[in-house]
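Novice: Can you keep this structure in mind? I'll have questions shortly.
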Amino acid sequence: MPSVKCLPPEKLSRRCDPKQLTFETTAELHHGPEIIGQARAVEAVQFGISIEHDGYNIYALGPTGTGKQFLVEHALQAQASRRSTPQDLCYVNNFDDATHPKRLSLQAGTGVTLKRDVEQLLEEISTALPAAFESDEYQARRNAIEEEFEQRSETRFAKIQQEAEARGFTMLKTPVGVMFAPIKDGQTMSSEALADLPEDEKQKLQADVEDLQKALQRALQELPRWQRKRRHQVRQLDHETTEAAIGHLLEELRLKYEALPEIVSFLEAVQQDFTEHGRDLLHAEEKAGNGAQSSAAGTLRTSLLLRRYGVNALVDHSESMGAPVVFEHNPTFHNLIGRIDHISQMGTLVTDFNLIRPGALHRANGGYLILEVRKVLQNAFAWEGLKRALKAKEIRIESLGQALSLTSTVSLEPEPAPLEVKVVLLGDRFIYYLLCALDPEFEELFKVAADFDDVIDRDPQNQQSFVQLIAALVNREELRPFDRSAVAKIIEQSSRLVGDAEKLTARTASIVDLLREADHWAGTNEHDVVNENDVARAIEAQVFRSDRVRQRLLDEVLRGSIYIDTDGDSIGQVNGLSVLKLGSFTFGRPNRISARVRIGKGDVIDIEREVDLGGPIHSKGVLILSSFLGAHYAPEQPLSLSASLVFEQSYGGIEGDSASAAELCALLSAIGETPLKQSLAITGSINQHGKIQPIGGVNEKIEGFFDLCKARGLTGEQGVLIPKPNVQHLMLRHDVVEAASQGEFHIYPVDTIEQCLELLSDLPAGKRDAEGNYPESSFNQRVDQRLRAMTATQLSWARAARQEDNDERQA
Amino acid sequence: MRGKPEIRRILVALDASPDSLAALEAAAKLARHLQAELVGLYVEDINVLRVAELPFARQVTFAGDVRPVKPGEVEAQFRAQADRAKSALARVANRSHLRWSFRVSRGQIAAELIAATPEMDLITIARLGGSPLVKRGLGRTARAVLAEATLPVLLLGRQLHLALPALVLFDDSNAAKTALALGFRLSAEKPDSLVVLLTATSPDEIQQLKKTVREHLAEAGGKEPRFRIVSPIDASNLSQACADEGAGVLILPSPSLLHGDTGLEALLVQLEVPVLIVR
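Protein sequence lines, in the order shown, are assigned to chains A and B. Position one of the first sequence corresponds to residue 1 (the numbering used here), numbered consecutively onward. Position one of the second sequence corresponds to residue 1001 (the numbering used here), numbered consecutively onward.
Quick look at the structure:
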């Protein structure tokens, strides 16, 4: 009789007794933090936040839903509130080189105040300046300059004209200049008339013309000088008028900001530029606003002035308390480091310092920036841009074209802003290890890894914390209170989710989902308090929504399309168990594993591997069982069999070694020609010594076989053999435990292959004695004898063949 | 309306200078209002051609160079300038969908212009033109045309754009009636932009003039204009009226109440608006 006893019902699932919970509903409970366990991650985050040195940015790694973002945000908010508010960042025009806008880093709140003050100033200037240029004083002085010039040139030319007339000439305009024509009888002299003149008169005429030409030439040559002088005088007048109109307005601002040298020097630059170009700007405005109403013209004038003299307050901390904590949900290259916009003007794209836009790094500068690493990596060049900024410790705004040297058009190159920020990346472990392996700069820049666990121990202390977490989540989600039976059910489900009776899940996201759905069903059932049944209903509904494939597979087995026996005996055939994961839903299903043997060279053929349907771990399991076979039976003889193993009716890939024990049982049954019970299923991997090793997904596997047996009717003989170490993982469904307690279904914890064989065949496995023989009628003896017989048969075949060869040679 | 002017052909004196091109623009605007044809006339100055043949002929260019004149050079320059003038006329006229023609003649400029006037109903001419280096007042050609032509003359300059309101000086003469009719037609688009300048020695006279104006305008379906008394009529008061009203064009009947050419010239020195002299 088999020595292994089936597990008692209490070992099949670790229940949480509601009576142990000392509250009626979660409404009574103190809300704990919305994160549980994670001591390692918490310490890492705290360390990363508090250390001041470069490169100590944080990568929070762990599965989704473990509360990374919550923990990081709360930790950063707490630290940020203790830190000082960083400076405002503004950009202003660089009047010496407009392509390199100047940066102003100002005390928090000053940026926006300065922007408003400058806007007010420009509004006043836009009224005061045109008024100054339209004033009678200006017009009078301007007219005086123009008059002087006109007077001077006219006097000069009139004098030449008079001189010409006095000498008998008139001035004629030609298409390119002026000619002096001698007059005779009121008419210009013809060449014939000239020819009739005496030689001395001709010479005199010629000399007069030359004199007049020289005089006119001198006057014309002086004209540009006079014009230059006039322009200079007008410009000087414009400067004086501008100074007088805006000087006192600027002086007020200068006094207000006299303690801030950066602003004072900006205001001085504004004044100087205004003096130089203010009049030109007004002219430009007149042209642009030609025909506009006067109020619209005023607005246009102010906006033109703002484009040149305004303040672009890029980052405003006027309402910030402490350091900023920024979560950038769309970390593109430009959303991180800022961008320079362009506007369409007369069919071309133009830009200036007003169109500089901040990135997340600007907003987070002096504080903290949280990013999801997957999104950073998905956005082209965002990762490179982020690293470059962190390494250079400055934010240099440039377009992708500039950054990659793809374009060489003149654009803005704003003065870079010094960067002091702590970046926290949120992501999964895979990307973390990938970055460590592939990006040499990564570990240099992200020295702190905050590793979030997805499970925590199910001890009393953690269970209490877990209850408080549930209370906090119920409160945050504004759900109905949960009674203690419901909480107990959720605790059980938390263990079930991680497939371990001694652990609880740390993925709060899945707990929140369950809480919300249980609350929904409570509402449907008109419960004021969520109870155990509501939670159970939510779990069932979750399963039902996802188990279409499982049900279809079960149906096909019941309809006889997929061959799985759940009673009777068969040689070389055993029920193995596999796990399928479809999305977030995992389920187990039984698979028939069969083995056939014949005389051969001692190889075990894994048919799955031969057709490339078996993964490397599965192949490893098969090779291990081959080794066990060779070492365990007739070790002094060569193995003279050829065996084949197959997962029947399996058309997809097989991976993992959890069926290796089942495969060995099928093989030994085939060799020993001993039937195995089909009412049992087996899972577990095997080592070379025949020891059964633990596997994953034990609960789903057992339930997969149970569901089939239950559908066909439980006989009381059915059950599953599981590796003994997996007992601690058992969190079986209530109906499985119930069937076990009724003696209708059995779970056998097994340690060795011998225990498996005994349970499956009802024969003793048999131990080798001192002579190396197995006891009579034991399972092992049958296997051993068959192997020896096969070897003998092969030897006789070999001898006969040799004899035949010799005979042929002698003949 | 009595004295209704029939302006079918407008003569534009063209020499491709900025002043004459400004006159062309204003003429085109006027032609659009009056649905008239533009006739461009370019005159090759016979005096210049004659002087160019003299052995000591030199041109002093506007840049201050003195250059001898080569045979045929001046003719070529005239031809090029005439081409430019024609192109400008074609461009401006086509843009406004106006009928146009262009002709070139050779002779004394003023005489050629005056010779062309019998076929025309109005002539536009730049104020300056004869003397190249004088920037104010009235040019020789303009002065000669004003003295001899019998048709309305529109005097224009580089900075002067024909616009509204139209100011009409009304003294009940026949020329004044024609001037009023022209002012009315020019301001047809904006009926409020007609200002009638009156001069009289007594209130009764003023009332009488206003009545006459109203009758004339009513006949044409016009509204009540704005009246303004200008007394006495001289350059200073007229230019003040133009400045106050923001005048776009001043229409004066001729023989003007201004005393002779000197009075007109004094007005033109002060005025910065186009002036239309009506006969």
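Each residue gets a CB set at the ideal place from its N, CA and C atoms; glycine is no exception.
To the nearest angstrom, report how far apart A/Ala509 and A/Lys724 are at their CA atoms.
Specialist: Taking the first sequence and counting its residues from 1, the one referred to as residue 509 of chain A is at position 509. Taking the first sequence and counting its residues from 1, the one referred to as residue 724 of chain A is at position 724. About 32 Å.
Novice: Have a look at A/Ala292 and B/Glu1245 and give me their C-alpha separation to the nearest angstrom.
Specialist: On the first sequence, residue 292 of chain A is found 292 positions in, with the first residue counted as 1. On the second sequence, residue 1245 of chain B is found 245 positions in, with the first residue counted as 1. The pLDDT assigned to A/Ala292 is 46, lower than 50, so where the model puts this residue is not dependable; a value taken from the coordinates is nonetheless given after this. In a straight line, the C-alpha of A/Ala292 is about 20 Å away from that of B/Glu1245.
Novice: Would B/Glu1189 pass as an interface residue toward chain A - the criterion being a Cβ-Cβ separation below 9 Å?
Specialist: As a first step, residue 1189 of chain B is located in the second sequence; it is residue number 189 there, counting from the start. No, its Cβ sits nowhere closer than 9 Å to a Cβ of chain A.
Novice: Report yes or no: do the region 338-358 of chain A and the region 391-399 of chain A share at least 3 C-beta pairs separated by less than 8 Å?
Specialist: The region 338-358 of chain A vs the region 391-399 of chain A: in contact.
Novice: Quick one: using the 10 Å Cβ neighbour count with 16 as the cut-off for buried, is A/Ile599 buried or exposed?
Specialist: As a first step, residue 599 of chain A must be located in the first sequence, where it is residue number 599. The residue in question, A/Ile599, is exposed, as its Cβ has fewer than 16 Cβ neighbours within 10 Å.
Novice: For a cutoff of 9 Å on Cβ pairs, would you count B/Gly1064 as touching chain A?
Specialist: For the purposes of this step, residue 1064 of chain B is identified with residue 64 of the second sequence, where counting begins at 1. It does: the Cβ of B/Gly1064 has a partner Cβ on chain A nearer than 9 Å.
Novice: Restricting to Cα atoms, I'd like to know which of A/Lys184, A/Pro175, A/Ala631 and A/Thr524 is closest to A/Glu165.
Specialist: Within the first sequence, the letter at position 165 stands for residue 165 of chain A. That would be A/Lys184, whose Cα lies nearest to the Cα of A/Glu165.
Novice: Please work out which residues of its chain come closer than 7 Å, Cβ to Cβ, to A/Asn475, disregarding the five sequence neighbours upstream and downstream, and give them in chain order.
Specialist: Numbered from 1 along the first sequence, position 475 holds the residue referred to as residue 475 of chain A. Once the five neighbours on either side are set aside, the close Cβ partners of A/Asn475 are His31.
Novice: Could you check if A/Lys734 is buried or exposed, using at least 16 other CB atoms within 10 Å of its CB as the buried criterion?
Specialist: Within the first sequence, numbered from 1, the residue matching residue 734 of chain A stands at position 734. What sits at residue 734 of chain A in the sequence shown is His, not Lys. So A/His734 ends up on the exposed side.
Novice: Using a Cβ-Cβ distance under 9 Å, would A/Gly177 count as near chain B?
Specialist: Position 177 of the first sequence, counted from the first residue, corresponds to residue 177 of chain A. Yes, A/Gly177 lies at the interface with chain B (some Cβ there is under 9 Å from its Cβ).
Novice: Cα-Cα, which of A/Phe180, A/Glu532, A/Leu613 and A/Gly615 is closest to A/Glu24?
Specialist: As a first step, residue 24 of chain A must be located in the first sequence, where it is residue number 24. A/Glu24 has its Cα closest to that of A/Glu532, out of A/Phe180, A/Glu532, A/Leu613 and A/Gly615.
Novice: For B/Arg1008, I'd like the list of residues in its chain whose CB is within less than 6 Å of its CB, leaving aside the five on either flank, ordered along the chain.
Specialist: Taking the first residue of the second sequence as 1, we reach residue 1008 of chain B at position 8. Only Ala1036 and Asp1121 meet the Cβ criterion.
Novice: Under 7 Å Cβ-Cβ, which residues of chain A neighbour B/Asp1083?
Specialist: Within the second sequence, numbered from 1, the residue matching residue 1083 of chain B stands at position 83. In chain order: nothing, as chain A lies at least about 11 Å away.
Novice: Report the rounded CA-to-CA distance for A/Leu104 versus A/Thr275, giving the unit in angstroms.
Specialist: Looking up residue 104 of chain A in the first sequence gives position 104. Looking up residue 275 of chain A in the first sequence gives position 275. The alpha-carbon atoms of A/Leu104 and A/Thr275 are separated by roughly 23 Å.
Novice: From the DSSP secondary-structure annotation, give me the bridge partner or partners of B/Lys1210.
Specialist: On the second sequence, position 210 is the one that residue 1210 of chain B refers to. Paired residue(s): none; B/Lys1210 is not in a bridge.
Novice: Taking 8 Å as the cut-off, is the CB of A/Val311 close to at least one heavy atom of the ligand NAD?
Specialist: This structure does not include the ligand NAD; it has no bound ligands of any sort.
Novice: Determine the direct distance from the alpha carbon of A/Leu12 to that of A/Ala801, and round the result to whole angstroms.
Specialist: For the purposes of this step, residue 801 of chain A is taken as residue 801 along the first sequence, with counting starting at 1. For the purposes of this step, residue 12 of chain A is taken as residue 12 along the first sequence, with counting starting at 1. The straight-line gap from Cα to Cα measures roughly 59 Å.
Novice: Using the C-alpha atoms, what's the distance from B/Leu1268 back to B/Thr1199?
Specialist: In the second sequence, residue 1199 of chain B corresponds to position 199, counting from 1. In the second sequence, residue 1268 of chain B corresponds to position 268, counting from 1. Roughly 20 Å separates the two Cα atoms.
Novice: Quick one: Cα of A/Asp769 to Cα of A/Leu676, how far?
Specialist: If you number the first sequence from 1, residue 769 of chain A lands on position 769. If you number the first sequence from 1, residue 676 of chain A lands on position 676. Cα to Cα, the separation comes out at about 25 Å.
Novice: Can you list the residues of chain A that B/Thr1061 reaches, using a CB-CB cut of under 7 Å?
Specialist: Translated into the one-based positions of the second sequence, residue 1061 of chain B becomes position 61. Val176 and Gly177, listed in chain order.
Novice: Here's a check: name, in chain order, each residue in its chain whose Cβ is nearer than 8 Å to the Cβ of A/Val112, leaving out the five neighbours to either side.
Specialist: In the first sequence, the residue the question calls residue 112 of chain A occupies position 112. For A/Val112, where only same-chain residues beyond five positions count, the Cβ hits under 8 Å are Asp88, Ala313, Asp316 and Ser318.
Novice: For A/Ala207, count the other beta carbons within 10 Å of its own beta carbon; 16 or more makes it buried, fewer makes it exposed. Which is it?
Specialist: Position 207 of the first sequence, counted from the start, is the residue given in the question as residue 207 of chain A. Exposed, since its Cβ has fewer than 16 Cβ neighbours within 10 Å.
Novice: Taking A/His746 as part of the alpha helix (DSSP H), name the residues at either end of that continuous run.
Specialist: Position 746 of the first sequence, counted from the start, is the residue given in the question as residue 746 of chain A. Premise fails: A/His746 lies in the beta strand (DSSP E), His746 to Val750, not in any alpha helix (DSSP H).
Novice: Over what stretch of residues does the beta strand (DSSP E) that includes B/Val1230 continue unbroken?
Specialist: Position 230 of the second sequence, counted from the start, is the residue given in the question as residue 1230 of chain B. Premise fails: B/Val1230 is in no beta strand (DSSP E) and is neither H nor E.
Novice: Buried or exposed for B/Thr1178, going by 16 or more other Cβ atoms inside 10 Å?
Specialist: Against the second sequence, residue 1178 of chain B aligns to sequence position 178. By the 10 Å Cβ count, B/Thr1178 comes out buried.
Novice: So what does DSSP say about A/Tyr633, is it helix, strand or coil?
Specialist: For the purposes of this step, residue 633 of chain A is identified with residue 633 of the first sequence, where counting begins at 1. A/Tyr633 falls in the coil class under three-state DSSP.
Novice: Starting from B/Arg1091, find everything on chain A with Cβ-Cβ shorter than 8 Å and list it in chain order.
Specialist: Position 91 of the second sequence, counted from the first residue, corresponds to residue 1091 of chain B. Here the premise fails: no neighbours, minimum Cβ distance about 20 Å.
Novice: What is the DSSP secondary structure of A/Thr505, counted as helix, strand or coil?
Specialist: One-based indexing of the first sequence puts residue 505 of chain A at position 505. Correct three-state label for A/Thr505: strand.
Novice: Comparing alpha-carbon positions, which option in B/Gly1072, B/Leu1162 and B/Ala1144 lies nearest B/Ser1187?
Specialist: Taking the first residue of the second sequence as 1, we reach residue 1187 of chain B at position 187. If we check each option's Cα against that of B/Ser1187, B/Leu1162 comes out closest.
Novice: If you measure from the beta carbon of B/Gly1130 to each beta carbon in chain A, is any gap under 9 Å?
Specialist: Position 130 of the second sequence, counted from the start, is the residue given in the question as residue 1130 of chain B. No answer about B/Gly1130 holds up, because its pLDDT of 46 lies below 50 and its placement is not dependable.
Novice: Flag B/Phe1078 as yes if its beta-carbon sits less than 9 Å from any beta-carbon of chain A, otherwise no.
Specialist: The count along the second sequence starts at 1 and reaches residue 1078 of chain B at position 78. At least one chain A Cβ lies under 9 Å of B/Phe1078.
Novice: Please list the partners that B/Arg1050 has in chain A, where partner means a Cβ-to-Cβ separation under 8 Å.
Specialist: Indexing the second sequence from 1 puts residue 1050 of chain B at position 50. In chain order: Ala181, Thr188, Met189, Ser190 and Ser191.
Novice: Does A/Val209 come within less than 9 Å of chain B when only Cβ atoms are used?
Specialist: Here residue 209 of chain A refers to the residue found at position 209 of the first sequence. Taking Cβ atoms only, chain B reaches closer than 9 Å to A/Val209, which makes this a yes.
Novice: Less than 9 Å separating the beta-carbons of A/Ala666 and A/Ile692?
Specialist: As a first step, residue 666 of chain A must be located in the first sequence, where it is residue number 666. As a first step, residue 692 of chain A must be located in the first sequence, where it is residue number 692. No, Cβ-Cβ distance for A/Ala666 and A/Ile692 is not below 9 Å.
Novice: Please confirm if the region 149-156 of chain A is in contact with the region 1012-1027 of chain B, defined as three or more CB-CB distances below 8 Å between the two stretches.
Specialist: No contact exists between the region 149-156 of chain A and the region 1012-1027 of chain B.
Novice: Could you give the residue range of the beta strand (DSSP E) that holds A/His345?
Specialist: Locating residue 345 of chain A in the first sequence gives position 345, where the first residue counts as 1. Checking the sequence, you will find Gln at residue 345 of chain A rather than His. Unbroken beta strand (DSSP E) run through A/Gln345: Ile343 to Gln345.
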